[in-house]
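Engineer: So for the sequence shown, this note's numbering puts the first residue at 5; every next one is plus one.
Even for Gly, the Cβ is constructed at its ideal location relative to N, Cα and C.
Bear in mind that the values here come from a model prediction, so they are computed numbers and not experimental data.
Just dropping this structure here.
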Amino acid sequence: MSTFLDDIKETKRQLDKVSPSFCLAKWLQVTIHLHSGYTHSCHHPIMHKIPLDELKDNPSALHNTPLKKEQRKMMLEGKRPPECGYCWNIEDLPGKNISDRMVKSNDYWAKEYMSQVANAPWDANIQPTYVEVSFSKICNFKCCYCSPNFSSSWVSEMLQHGEFPTRSRHHSIITEDELEVLKHKDNNPYIEAFWRWWPTLYPSLKVFRVTGGEPLLSKDTFKVIDEIAAHPTPNPDMELAINSNFGIPTKLVEKLCKGVSPLLKEKKIKNFRLYISLDTWGAQAEYIRSGLDLELFQTNLKTVMKLLPEADITFMCTYNALGVVKFKQFLAQLAKWKKKQNILIDISYLRHPEFMSIKVLPKEFGRYIEESLAFMEENNFTDYEINKLKRVLEYFNSETGYNQKMFRADFVKYFTEIDRRRKVDFLKTFPELKKEFLQWKADLEVQETTA
Ligand code: SF4
Ligand code: SF4
């Protein structure tokens, strides 16, 4: 029986036959932020604007933008689109590293379309098989690495307190493009184009995923469930997936289970996957994901386990500098839950804002990552899960030209301001980082007095 690693090797061989920078995710996987009119393929590159004029006649232009077609052309010619640096960083590390280009292209929603995609003209309009959409950015959380682009709570806080005194502009208040879309609040042209596209898109989908904001606070999420339930010819090959921060009232989780359960029983979908975001454990997790209440989170998880035991659950972890210390505790919790339901953890290292990257930490913190890896290996986590954390460790140990001096200064400025705005206490919550924080603060004061 071939293993995950054998499959990846074979997929890489097939990709290389087309070109060394070919990646099926650029054609077949898309995230569309309908609330703001932005898209990216896959979710790693930064988003770009969807030109409104093309949508009138071709709603698939929500995915097939001129910019994306240019990136596809580069890939077919063996050139590396700079926007895919997430993968090139991994592939350029010493050793044979597995990048998301290989993992995603190996996935069932991609692999079987390899020759179809490779043989299509570079500027063809491609019907994606993995579609993720965000209908709204209504969100009750203000995760420290998120921004006003994705969370309405972040917008409110920025309007109240203004910009952060950091060099990074990651948290800047909404862009002019977005203000333009907000003018059409009740008649969003991107959402309107999406529902026009849906009848031709739905039959060929392998995965349809709703992201946010917080999707369970958006009426369109429940409209998707209703549309599938009422469809005369449902697509039983499609995975329905919904992201959630799981900090929403339990009655919404019950409503979700009540909607999805008949879709599974009547085989109107292949499976249901719930993506739940959590980065670490305890007060440190609650500090990172502001709005998170771990007690409510666990109540909501128990509710799903009781009402929808057939659901697959993936914990999405954005591995960042504040999550490293308690990560093993989080894994221990996960190991218990894994015994009750089909649960996976998917770990990606955080890149933005750069001052929250694990690269900001001193090398000694690598031992926490190593201990977490050992725990995963001893507790039957899958190859897929373990490889994701191995990649994090490789990234942590690699030389990438990260400007530690600048980002440590931003780190101090940012969390000092977060403490003030949110009435929280960084040093009390992260005693393991106290020495570093105070040192970086002293360094910053020296920089400011000599500037
Ligand atoms: S090369 Fe990597 S970053 Fe680019 S689309 Fe593929 S998986 Fe995403
Ligand atoms: S839950 Fe998601 S959308 Fe909301 S603040 Fe956190 S990362 Fe952003």
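Decide if Tyr323 is buried, meaning its Cβ has at least 16 other Cβ atoms within 10 Å, or exposed.
Structural biologist: Stepping through the sequence shown from its first residue, residue 323 is reached at position 319. Buried.
Engineer: Quick check: what's the CA-CA separation for Ser6 versus Thr15?
Structural biologist: Start at 1 with the first residue of the sequence shown, and residue 6 comes out as number 2. Start at 1 with the first residue of the sequence shown, and residue 15 comes out as number 11. Looking at the two C-alpha atoms, the distance is approximately 12 Å.
Engineer: Could you tell me which of Gly41, Gln18, Ile102 and Ser222 sits nearest to Pro193, measuring between CA atoms?
Structural biologist: As a working mapping, residue 193 is identified with position 189 in the sequence shown. Ranking Gly41, Gln18, Ile102 and Ser222 by Cα distance to Pro193 puts Gly41 first.
Engineer: In angstroms, rounded to a whole number, what distance separates the CA positions of Gln333 and Phe430?
Structural biologist: If you number the sequence shown from 1, residue 333 lands on position 329. If you number the sequence shown from 1, residue 430 lands on position 426. Looking at the two C-alpha atoms, the distance is approximately 19 Å.
Engineer: Would you call the region 151-167 and the region 88-100 touching, i.e. three or more CB-CB distances under 8 Å?
Structural biologist: no
Engineer: Residues around ligand 1, please: the ones whose beta-carbon is closer than 5 Å to some heavy atom of it, in chain order.
Structural biologist: Residues flagged by the Cβ proximity filter: Cys27, Ala29, Lys30, Cys46, His48, Cys88, Tyr90, Cys91, Asp104, Arg105 and Lys108.
Engineer: Keeping to the same chain, check which residues put their C-beta closer than 6 Å to that of Arg425; ignore five residues upstream and five downstream.
Structural biologist: Along the sequence shown, read from residue 1 onward, the residue named residue 425 stands at position 421. His165, listed in sequence order.
Engineer: To test your reading of the DSSP string, which unbroken beta strand (DSSP E) runs of 3 or more residues are found completely within the region 131-185?
Structural biologist: Taken in chain order, the complete beta strand (DSSP E) segments of 3 residues or longer contained in the region 131-185 are 134-138.
Engineer: Just to check, is the beta-carbon of Arg293 closer than 7 Å to a non-hydrogen atom of ligand 2?
Structural biologist: Mapped onto the sequence shown, residue 293 falls at position 289. Yes, Cβ of Arg293 sits closer than 7 Å to a heavy atom of ligand 2.
Engineer: Between the Cα of Phe26 and those of Thr170, Phe301, Val107 and His37, spot the shortest distance and give me the residue it belongs to.
Structural biologist: Taking the first residue of the sequence shown as position 1, residue 26 is located at position 22. Phe26 has its Cα closest to that of Val107, out of Thr170, Phe301, Val107 and His37.
Engineer: Can you find the residues in the same chain that come closer than 6 Å, C-beta to C-beta, to His48, ignoring five residues on each side of it along the sequence?
Structural biologist: Position 44 of the sequence shown, counted from the first residue, corresponds to residue 48. If the five residues before and after His48 are omitted, its C-beta is found closer than 6 Å to the C-beta atoms of Tyr90, all from its own chain and listed in chain order.
Engineer: State the Cα-Cα distance for the pair Asp297 and Gly251, rounded to the nearest angstrom.
Structural biologist: Taking the first residue of the sequence shown as position 1, residue 297 is located at position 293. Taking the first residue of the sequence shown as position 1, residue 251 is located at position 247. Computed Cα separation, rounded: 7 Å.
Engineer: In whole angstroms, give me the CA-to-CA distance for Glu74 and Glu116.
Structural biologist: Along the sequence shown, read from residue 1 onward, the residue named residue 74 stands at position 70. Along the sequence shown, read from residue 1 onward, the residue named residue 116 stands at position 112. So the two alpha carbons sit approximately 23 Å from each other.
Engineer: Quick one: measure Cβ to Cβ for Glu440 and Ser172, integer angstroms, because I've assumed they're closer than 8 Å.
Structural biologist: Position 436 of the sequence shown, counting from 1, holds the residue named residue 440. Position 168 of the sequence shown, counting from 1, holds the residue named residue 172. Not a contact, Cβ separation roughly 19 Å.
Engineer: Consider the C-beta atom of Glu136 and the heavy atoms of ligand 2; say whether any pair is separated by less than 7 Å.
Structural biologist: By one-based count along the sequence shown, residue 136 stands at place 132. Distance from the C-beta of Glu136 to the nearest heavy atom of ligand 2 is not below 7 Å.
Engineer: What whole-angstrom Cβ distance do Glu161 and Thr35 have, given they're in contact under 8 Å?
Structural biologist: Locating residue 161 in the sequence shown gives position 157, where the first residue counts as 1. Locating residue 35 in the sequence shown gives position 31, where the first residue counts as 1. Not confirmed; about 24 Å, so no contact.
Engineer: How would you label Ile2, buried or exposed, when you count the other beta carbons within 10 angstroms and need 16 or more for buried?
Structural biologist: Examination of residue 2 is not possible in this model, given that the chain is present from 5 through 455 alone.
Engineer: Short check: CB of Val364 to CB of Arg412, under 8 Å?
Structural biologist: Indexing the sequence shown from 1 puts residue 364 at position 360. Indexing the sequence shown from 1 puts residue 412 at position 408. In contact: Val364 and Arg412 (Cβ atoms closer than 8 Å).
Engineer: Going by the beta-carbon positions, is the gap between Thr33 and Tyr134 smaller than 8 Å?
Structural biologist: Along the sequence shown, one-based indexing puts residue 33 at 29. Along the sequence shown, one-based indexing puts residue 134 at 130. Strictly speaking, residue 33 in this sequence is Gln, with Thr absent from that position. Yes, the pair counts as a contact, with Cβ atoms nearer than the cut-off.
Engineer: Are the beta-carbon atoms belonging to Gly263 and Ile142 less than 8 Å from one another?
Structural biologist: Mapped onto the sequence shown, residue 263 falls at position 259. Mapped onto the sequence shown, residue 142 falls at position 138. Cβ atoms of Gly263 and Ile142: not closer than 8 Å.
Engineer: Name the two residues that bound the continuous alpha helix (DSSP H) containing Thr204.
Structural biologist: To locate residue 204, count along the sequence shown from 1; it is residue 200. Thr204 -> alpha helix (DSSP H) spans Pro193 to Leu205.
Engineer: According to DSSP, which residues form a beta bridge with Leu4?
Structural biologist: For the chain, the structure presents residues 5 to 455; residue 4 sits outside this window and is missing.
Engineer: Can you give the beta carbon distance from Trp201 to Ser64, rounded, assuming they're within the 8 Å contact cut?
Structural biologist: On the sequence shown, position 197 is the one that residue 201 refers to. On the sequence shown, position 60 is the one that residue 64 refers to. With 8 Å as the limit, Trp201 and Ser64 qualify as a contact, their Cβ atoms being about 6 Å apart.
Engineer: Could you check what DSSP says for Tyr418 in three-state terms: helix, strand or coil?
Structural biologist: Here residue 418 is taken as the residue at index 414 of the sequence shown, counted from 1. Here Tyr418 sits in helix by DSSP.
Engineer: Quick one: which unbroken alpha helix (DSSP H) runs of 4-plus residues sit fully inside the region 28-114? Chain order, please.
Structural biologist: 29-32, 56-59, 70-80, 89-95 and 104-110
Engineer: Do Leu348 and Leu377 have their C-beta atoms closer together than 8 Å?
Structural biologist: Reading the sequence shown from its first residue, position 344 is the one you call residue 348. Reading the sequence shown from its first residue, position 373 is the one you call residue 377. No, these two residues do not count as a Cβ contact at 8 Å.
Engineer: Going by beta carbon distance, what residues of the same chain come within less than 8 Å of Ala114, once the five residues before and after it are set aside?
Structural biologist: Here residue 114 refers to the residue found at position 110 of the sequence shown. Taken in chain order, the residues that qualify are Leu28, Ala29, Leu32, Gln33, Lys108, Thr133 and Tyr134.
Engineer: With DSSP as the reference, please indicate the residues paired to Arg277 in a beta bridge.
Structural biologist: Working through the sequence shown from its first residue, we reach residue 277 at position 273. Checking the DSSP bridge columns, you'll see Arg277 partnered with Ala245 and Asp316.
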